[in-house]
Amino acid sequence: MKKYINLSFIYFIFAMIAGVFYREYTKFVGFTDRSSLSLVHGHLLALGMIMFLIVALFSMKFDFENNKKIKLFYKIYNSGVILTAVMLFVRGMVQVNNTVISKGLDASISGISGIGHLLLLVGLVFMFLALKEEAGKLE
1 MKKYINLSFI
11 YFIFAMIAGV
21 FYREYTKFVG
31 FTDRSSLSLV
41 HGHLLALGMI
51 MFLIVALFSM
61 KFDFENNKKI
71 KLFYKIYNSG
81 VILTAVMLFV
91 RGMVQVNNTV
101 ISKGLDASIS
111 GISGIGHLLL
121 LVGLVFMFLA
131 LKEEAGKLE
């Protein structure tokens, strides 16, 4: 349980950094429109901090330490959160700085972000499979 709480706290710290960076950087460059940069803070809070606080609560009831599916969830889902947040940051910086990029680079940013979302999906499937498995042991 402690590792989930620690990870949740790490995501909280990065979410706060992302929020402060967004506020200060956009103010510094005089950017007032909407951008993907504003979404990094919320994604890290919801997908990172809140999710792992919920997993920590489940770990109080279930034996996650010996469950292979939850270990796969942990690795795959974290990779997805990190990749998604990084690509939101990249897309946001391109928007805020009004950087002209090629269609190929634009498509690459979208594609890599899509991979991050797929990793989130696969990770969540493993989490639900682990929850079903552990709940079955209690019946």
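Here UniProt numbering is used: the first residue of the sequence shown is 1, the next is one more, and so on.
For glycine and all other residues, C-beta sits at the position ideal for the given N, C-alpha and C.
Is the beta carbon of Y4 less than 9 Å from the beta carbon of S38?
Here residue 4 is taken as the residue at index 4 of the sequence shown, counted from 1. Here residue 38 is taken as the residue at index 38 of the sequence shown, counted from 1. Taking 9 Å as the Cβ cut-off, Y4 and S38 do not qualify as a contacting pair.
Just checking my contact of F43 with L88 at CB under 8 Å: how many whole Å lie between their CB atoms?
Against the sequence shown, residue 43 aligns to sequence position 43. Against the sequence shown, residue 88 aligns to sequence position 88. It is worth fixing the name first, because residue 43 is His in this sequence and not Phe. Right, the Cβ-Cβ distance comes to about 6 Å (below 8 Å), so this counts as a contact.
Cβ contact check for the segment 121 to 136 and the segment 62 to 82: 3 or more pairs under 8 Å
yes
Quick check: the segment 88 to 101 against the segment 12 to 32, are at least 3 beta-carbon pairs closer than 8 Å?
The segment 12 to 32 makes contact with the segment 88 to 101, as at least three CB pairs between them are under 8 Å.
Measuring only the C-alpha atoms, how far is S113 from L47?
Here residue 113 is taken as the residue at index 113 of the sequence shown, counted from 1. Here residue 47 is taken as the residue at index 47 of the sequence shown, counted from 1. Those two C-alpha atoms are separated by around 15 Å.
Assigned secondary structure, T26 (DSSP; H/G/I helix, E/B strand, else coil)
Indexing the sequence shown from 1 puts residue 26 at position 26. In the structure shown, T26 adopts helical secondary structure according to DSSP, grouped into three states.
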